[in-house]
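Peer 1: Start counting the sequence shown at 53; every next residue gets the next number (my numbering). Quick one: this structure, given as structure tokens, is what I'll be asking you about.
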Amino acid sequence: MDMDGVLVHEDALIPGADAFLEELRANEIPFMVLTNNSIRTPRDLRARLLRTGLDVPAESIWTSALATATFLANQRPGGSAYVVGESGLTTALHDIGYVLTDSDPDYVVLGETRTYSFEAITTAIRLVERGSRFIATNPDPTGPSPGGSLPATGSVAALITRATGRDPYFIGKPNALMMRSALRAIGAHSEHTLMIGDRMDTDIVCGLEAGLQTLLVLTGISTHASVELYPYRPTRIIDSVADLVGRTGNPF
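The following block contains the structure:
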């Protein structure tokens, strides 16, 4: 399941999310909470969720940073990267044995950060021009804040692409690669797994392309009207994960 818009809205619990997770645990149904945001480590996100009243183990949280690290560990073990991002991303890359450097790195890895540095973006552009492969954790163009939208990874990636003529490879949703790596992390198979999300353009299409059934909740971005704009549909639309309480064994 997605996190923001499904379990929490900014830093507030979505009513019924706590009962839903308690029922999953009581029924021994494994789950993974996914987020495209690469700023925080799973441990940091666990602490954030605890403050809202949700107890989610760190090992049940899968970020675009972890998916990116898993991808790079398979593609080029023991490589090097220049990172534009925060601790969620740098920790994930350190954990797979990557060296973080601005001297001829194998990859330029772009993630989310609260303060994008012009100097860091300039360095990224020059390294991509010199041949470093360009990876981005997710394609989200904006992120939420109390004051309105903030530029996110997708927007900064577009800037680097415009400057270099090189497109990044995006790892996070809607790339089904992120979904498949999360499935492997909990030993699940797509045939017996469903994706719960609040966005048609990331969560639902990602689930569909990974072969999962999908549930769209209306507690986040999408509405009944916006669903009709897309050429694909979720398996089912529900108001909230609270509607699944008492039905986690057979949500359809």
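All C-beta atoms, glycine included, are put in the ideal place defined by N, C-alpha and C. Since we're looking at a predicted model, the values are computed, not measured.
Tell me, to the nearest whole angstrom, how far the beta carbon of A176 is from that of V136; I am working on the premise that it is less than 8 Å.
Peer 2: Locating residue 176 in the sequence shown gives position 124, counting from the first residue. Locating residue 136 in the sequence shown gives position 84, counting from the first residue. At roughly 6 Å, the Cβ-Cβ gap stays under 8 Å, so A176 and V136 are in contact.
Peer 1: Less than 6 Å between C-beta atoms, sequence neighbours within five positions excluded: which residues of the same chain meet that for N88?
Peer 2: Position 36 of the sequence shown, counted from the first residue, corresponds to residue 88. Cβ within range, chain order: S116, N190, D192, G224, K225.
Peer 1: Report the residue from Y159, T167, A262 whose alpha carbon sits nearest the alpha carbon of R232.
Peer 2: Here residue 232 refers to the residue found at position 180 of the sequence shown. When only C-alpha atoms are compared, the closest one is A262.
Peer 1: Taking the alpha-carbon positions, what's the P303 to R77 distance?
Peer 2: In the sequence shown, residue 303 corresponds to position 251, counting from 1. In the sequence shown, residue 77 corresponds to position 25, counting from 1. Near 15 Å, if we compare the C-alpha coordinates of R77 and P303.
Peer 1: Report yes if the C-beta distance between G318 and V58 is below 8 Å; otherwise report no.
Peer 2: It is not possible to answer for residue 318, since the shown part of the chain is limited to 53 through 304.
Peer 1: Okay, do the segment 127-136 and the segment 96-111 touch, 3+ Cβ pairs below 8 Å being the bar?
Peer 2: The segment 127-136 vs the segment 96-111: no contact.
Peer 1: I want to check one thing, is the minimum distance from the CB of A215 to the heavy atoms of the ligand PLP below 7 Å?
Peer 2: The ligand PLP is absent from the structure shown, which contains no ligands of any kind.
Peer 1: Excluding five sequence neighbours on each side, which residues of the same chain lie with their C-beta closer than 8 Å to the C-beta of L246?
Peer 2: Position 194 of the sequence shown, counting from 1, holds the residue named residue 246. Correct list, in chain order: G259, L264, Q265, T266, L267, T287, P303.
Peer 1: Report all residues from its chain with a CB closer than 6 Å to the CB of L270; omit the five preceding and five following residues, and keep chain order.
Peer 2: Taking the first residue of the sequence shown as position 1, residue 270 is located at position 218. Within the same chain, L270 has close Cβ partners D291.
Peer 1: Out of D250, V293, P94, H244, state which residue places its alpha-carbon closest to the alpha-carbon of P67.
Peer 2: On the sequence shown, position 15 is the one that residue 67 refers to. Ranking D250, V293, P94, H244 by Cα distance to P67 puts V293 first.
Peer 1: Please report the Cβ distance between A119 and L229, rounded to the nearest whole angstrom; I am assuming they are in contact, meaning their Cβ atoms lie under 8 Å.
Peer 2: Here residue 119 refers to the residue found at position 67 of the sequence shown. Here residue 229 refers to the residue found at position 177 of the sequence shown. That pair is a contact at about 7 Å.
Peer 1: Taking C-alpha atoms, which residue in I289, Y284, E243 lies nearest to H276?
Peer 2: Here residue 276 corresponds to residue number 224 of the sequence shown, with the count starting at 1. Residue I289 is the option with its Cα nearest to H276.
Peer 1: Does the beta-carbon of R166 have 16 or more other beta-carbons within 10 angstroms, so that it is buried, or is it exposed?
Peer 2: Position 114 of the sequence shown, counted from the start, is the residue given in the question as residue 166. Exposed is the call here.
Peer 1: Go to V279, then tell me how far its alpha helix (DSSP H) extends in each direction, as first and last residue.
Peer 2: Taking the first residue of the sequence shown as position 1, residue 279 is located at position 227. Run containing V279: 276-279, per the alpha helix (DSSP H) assignment.
Peer 1: Shortest alpha-carbon distance to T93 belongs to which of E74, W114, F222, E75?
Peer 2: Position 41 of the sequence shown holds residue 93. Taking only the C-alpha atoms, the option nearest T93 is W114.
Peer 1: Am I right that A121 and V297 are in contact with their C-beta atoms under 8 Å? What's the rounded C-beta distance?
Peer 2: For the purposes of this step, residue 121 is taken as the residue at position 69 of the sequence shown. For the purposes of this step, residue 297 is taken as the residue at position 245 of the sequence shown. Actually they do not touch by this definition, with Cβ atoms about 34 Å apart.
Peer 1: At which residues does the alpha helix (DSSP H) containing T213 begin and terminate?
Peer 2: In the sequence shown, the residue the question calls residue 213 occupies position 161. Unbroken alpha helix (DSSP H) run through T213: 205-216.
Peer 1: At 3 residues or longer, what runs of the beta strand (DSSP E) sit wholly inside the segment 80-124?
Peer 2: Runs found: 85-87, 113-115.
Peer 1: Assess, as a yes-or-no matter, whether the segment 200-214 is touched by the segment 234-242 under the definition of 3 or more beta carbon pairs within less than 8 Å.
Peer 2: These segments do not touch.
Peer 1: By the DSSP assignment, the alpha helix (DSSP H) with G259 in it spans what residues?
Peer 2: Residue mapping note: residue 259 aligns to position 207 of the sequence shown, counting from 1. Start and end: 257-261.
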